[in-house]
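Residue numbers (my numbering), protein chains in the order written: chain S, -1 to 459; chain L, 313 to 757. Note that the Cβ used here is the ideal one computed from N, Cα and C, for glycine as well. Remember, it's a predicted structure, so these values are computed and weren't measured experimentally. Right, one structure below, let's go through it.
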């Protein structure tokens, strides 16, 4: 049984799963319930400046029958007065000394406002503070949240004010609504924060109602960009997480990173850990299914770690980070091709149409007699299940023409039916960066490129 | 004990409920959207099934209905009566280690929408002055007439019965297709501009020379006849299975149901008769068949269905005589059968075992052993193949300008509604091509 305990910048929790600062952490009663269910920690919904909320504040993106692949919201920070929140924070921390209780804060961009909130938070006995530099709606119009997070200088200035006062760990939360998320992270490093977290929600309009032509969700005839989160944003979050882990300044600082953005299953969690997160925050999946999902998150992660021989979370953290690279370092001689397992293949032909219409035209439909069939070539006078299935051609990859694009692998609905198989290319390994150094003409002149291809045996029609 | 009283009777209402909108959405999303899909190949009318299902999934029900109509005007009937296990669903790629998509029920969902929202099949061409007569308003006739109307031709259907729809109206058990569906479908065909004249029988109310004078083409879509004679003593006391099903739809209250019923035959119609008897309260229903379950012509799923209805089977048994008590049947004398080598149909030939007489008790005997060949063959002097009307690849009979489609030409393979619909569609296209290649009898506009 793997040890799921973490020590994140001095904040300890029995497992790496924290509820993210969001509606699920709006009150003491909710967090009590979450901790009873097994959550390792919670980042209290942001407290700070006075706000009012609106109805129809959550939108969602559904795909097919899958509800809420992403949520989109215009809910602001806590609309409960700070004293109520602070009292409940103290109560929760007293009741749950072994859990991580972190308080998210966002106040006006004045040193005295930040000094005061830090002090009041520390008085609760909370384990840490998260600086909300990411809220993309409402608060940003008032010069807070993302309005800060999008300007590294502001991040650094405010973090410095916080660090002047704070005696407990401070986590700076980053907004993804920025060209390069590394810049505000470096600002955090410069200001001396204790940890980073990402990603906050992404600016989004979730849809338009086709009956009323109003935005979705509709707030008395109006709508706005709202914060986008949930399974659909996971790839964006992973990329930003990896970009911090591979940045020289950020990685040398050794600041731990709390990862979030679309974690819904233990598999997602493991991927965040592998790319460098050492605590994990969850929101949308909980808003979809409730606190109970913690059971499979812990159980699944633990079982996977056991299978892989990882004993502690820190064994996992960052394990795949060294594989994050750039195109210029890829081996241009690496060759993989798609292979279709005809025993598993159900002949839906989705690989065929994807390859033929949109990729590289290297899958044939091969009839039982070995001839190449055209789609819809059957005799229309035949019908019935036997005629339709017995003579149905088998999609087959023409390996010599396959460029290994992996589109067919992605569209195939059958597990382990199409595999990408590494095959020898017969060429010496070489990267674009090496090629640019060794034979610069090849990389900036088509004629030189053609000659080089011929010489090395690369044929692209 | 008399027949089953009305108050003890069960229902023959449509068995499968319509899919709810949500169920249809869930099921349609499950469809993989195969390319060059086997379900489409397996469908005799080659409906673009993935396309209509994806339109249900996207919420484009109107478009979904048009995709079905593009290949099959009688999609509402076919969704209910097609042996989908043998056709589209039987070919579904998800069938192997999962569950095939419920194509029939999704098609019904789209067709129900079309009916409720009055979505009519799209036209294929401008109005012409060509005139075509269609004899018979069954699935083949309706399909052909509707398609010809879509091409812009003027079509009149002559139907000998008082209601259109043919077997869909009169001959399909109500559990699968209620009469209203067939009648609604015929109304939809009429709305395409087809005139349907009821109670008009060829050879009685209308003559072929008159048709040939008034129309440029005549399409025979007359189906087949009643159940053939068994040639046994007391046969007059046996109920014709086709009449039995018809009565169950037109006047189930007047239909007499025995307490102990024998059904002779083991095809799909025989199973329908047995099912009606069971559902309407008969205590015991036994099917009597001279071969075994391996040779039965009913579909496998129908056989399973019958057993689930607790219908009994008596194989290797050949009726020889009806036992009567004051003209009412009290039993069926049968002989045991042994199977020999293959006969003309490729199935083992049954041989009667002499002296093996047994008597099966019954207060009602129904026969469903196929249908008589079309009488028109002789009446019109048409060339025939094993009693069925012979046609060329364009559905033209031995009389020029006279075409035939549907069960009356099905000399090979099992007759089915969907094949009849396909015939109608193909014949309409062939006739249309010919009509458009020649000037119309009246001056074109």
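Residue i: which of the options sits nearest, CA to CA?
i, options, result
"residue 600 (chain L)", "L:638, L:556 and L:645", "L:645"
"residue 83 (chain S)", "S:110, S:384 and S:29", "S:29"
"residue 427 (chain S)", "S:454, S:172 and S:242", "S:454"
"residue 686 (chain L)", "L:698, L:679, L:325 and L:744", "L:698"
"residue 604 (chain L)", "L:587, L:627, L:616 and L:512", "L:627"
"residue 360 (chain S)", "S:366, S:351 and S:367", "S:351"
"residue 785 (chain L)", "L:467, L:402, L:578 and L:589", "There is no way to answer for residue 785 (chain L), as the model of chain L reaches only from 313 to 757."
"residue 629 (chain L)", "L:414, L:383, L:668 and L:519", "L:668"
"residue 341 (chain S)", "L:408, L:609 and L:442", "L:408"
"residue 16 (chain S)", "S:265, S:441 and S:257", "S:257"
"residue 748 (chain L)", "L:434, L:414, L:395 and L:441", "L:441"
"residue 417 (chain L)", "L:436, L:338, L:720 and L:508", "L:338"
Give the straight-line distance between the Cα atoms of residue i and residue j, rounded to the nearest whole angstrom.
i, j, result
"residue 725 (chain L)", "residue 618 (chain L)", "23 Å"
"residue 510 (chain L)", "residue 344 (chain S)", "49 Å"
"residue 89 (chain S)", "residue 124 (chain S)", "10 Å"
"residue 315 (chain L)", "residue 574 (chain L)", "14 Å"
"residue 675 (chain L)", "residue 568 (chain L)", "11 Å"
"residue 593 (chain L)", "residue 360 (chain L)", "41 Å"
"residue 303 (chain S)", "residue 269 (chain S)", "12 Å"
"residue 267 (chain S)", "residue 421 (chain S)", "32 Å"
"residue 474 (chain S)", "residue 308 (chain S)", "Here chain S covers residues -1 to 459 and nothing more, so residue 474 (chain S) does not appear."
"residue 250 (chain S)", "residue 235 (chain S)", "21 Å"
"residue 478 (chain S)", "residue 391 (chain S)", "The shown model of chain S, from -1 to 459, leaves out residue 478 (chain S), and the question about it has no answer."
"residue 395 (chain S)", "residue 376 (chain S)", "21 Å"
"residue 658 (chain L)", "residue 706 (chain L)", "29 Å"
"residue 570 (chain L)", "residue 589 (chain L)", "8 Å"
"residue 670 (chain L)", "residue 625 (chain L)", "15 Å"
"residue 758 (chain L)", "residue 294 (chain S)", "Since the first and last residues shown for chain L are 313 and 757, residue 758 (chain L) lies out of range."
Below 7 Å between beta carbons: does that hold for residue i and residue j?
i, j, result
"residue 74 (chain S)", "residue 49 (chain S)", "yes"
"residue 740 (chain L)", "residue 523 (chain L)", "no"
"residue 276 (chain S)", "residue 6 (chain S)", "yes"
"residue 356 (chain L)", "residue 730 (chain L)", "yes"
"residue 369 (chain L)", "residue 341 (chain L)", "yes"
"residue 119 (chain S)", "residue 41 (chain S)", "no"
"residue 374 (chain S)", "residue 348 (chain L)", "yes"
"residue 390 (chain L)", "residue 351 (chain L)", "no"
"residue 324 (chain L)", "residue 486 (chain L)", "yes"
"residue 546 (chain L)", "residue 636 (chain L)", "yes"
"residue 406 (chain S)", "residue 336 (chain S)", "yes"
"residue 473 (chain S)", "residue 274 (chain S)", "With chain S running from -1 to 459 in the structure shown, residue 473 (chain S) is simply not present."
"residue 103 (chain S)", "residue 87 (chain S)", "no"
"residue 585 (chain L)", "residue 678 (chain L)", "yes"
"residue 230 (chain S)", "residue 68 (chain S)", "yes"
"residue 470 (chain L)", "residue 512 (chain L)", "yes"
"residue 439 (chain L)", "residue 464 (chain L)", "yes"
"residue 535 (chain L)", "residue 680 (chain L)", "no"
"residue 189 (chain S)", "residue 140 (chain S)", "no"
Between residue i and residue j, which are expected to be in contact by the criterion C-beta below 8 Å, what is the C-beta distance as a whole number of angstroms?
i, j, result
"residue 723 (chain L)", "residue 700 (chain L)", "4 Å"
"residue 718 (chain L)", "residue 732 (chain L)", "4 Å"
"residue 449 (chain L)", "residue 477 (chain L)", "6 Å"
"residue 11 (chain S)", "residue 39 (chain S)", "4 Å"
"residue 416 (chain S)", "residue 353 (chain S)", "So it is not a contact: roughly 11 Å between Cβ atoms."
"residue 150 (chain S)", "residue 199 (chain S)", "The Cβ separation is near 20 Å, so there is no contact."
"residue 327 (chain L)", "residue 488 (chain L)", "7 Å"
"residue 539 (chain L)", "residue 552 (chain L)", "5 Å"
"residue 648 (chain L)", "residue 665 (chain L)", "4 Å"
"residue 336 (chain L)", "residue 429 (chain L)", "So it is not a contact: roughly 15 Å between Cβ atoms."
Closer than 7 Å by beta-carbon distance: list the chain B residues that pair up with residue i, in chain order.
i, result
"residue 348 (chain L)", "Here the protein chains are S and L, and chain B is not one of them."
Chain L contacts from the segment 342 to 355 of chain S (Cβ-Cβ distance under 8 Å): Residues passing the 8 Å Cβ filter: 344, 345, 346, 347, 348, 350 and 351.
Going along the chain, which residues of the segment 402 to 422 of chain L sit with their C-beta nearer than 8 Å to a C-beta in chain S? Those would be 402, 403, 405, 406 and 408, in chain order.
What residues in the segment 203 to 221 of chain S bring their beta carbon closer than 8 Å to a beta carbon of chain L? Listed by position, the residues of the segment 203 to 221 of chain S near chain L (Cβ gap below 8 Å) amount to none.
What residues in the segment 248 to 259 of chain S bring their beta carbon closer than 8 Å to a beta carbon of chain L? Hits within the stretch: zero.
Residues of the segment 426 to 460 of chain L in Cβ contact with chain S at a cutoff of 7 Å, in chain order, please. Along the segment 426 to 460 of chain L, there is no position whose C-beta sits under 7 Å from a C-beta of chain S.
If the cut-off is 7 Å on Cβ atoms, which residues from the segment 385 to 399 of chain L count as contacting chain S, listed in chain order? Flagged, chain order: 398 and 399.
Quick one, which residues of the segment 51 to 64 of chain S are near chain L if we go by CB-CB under 7 Å, in chain order? Residues passing the 7 Å Cβ filter: 62 and 63.
What residues in the segment 712 to 743 of chain L bring their beta carbon closer than 7 Å to a beta carbon of chain S? Under the 7 Å Cβ criterion, the segment 712 to 743 of chain L contributes no residue.
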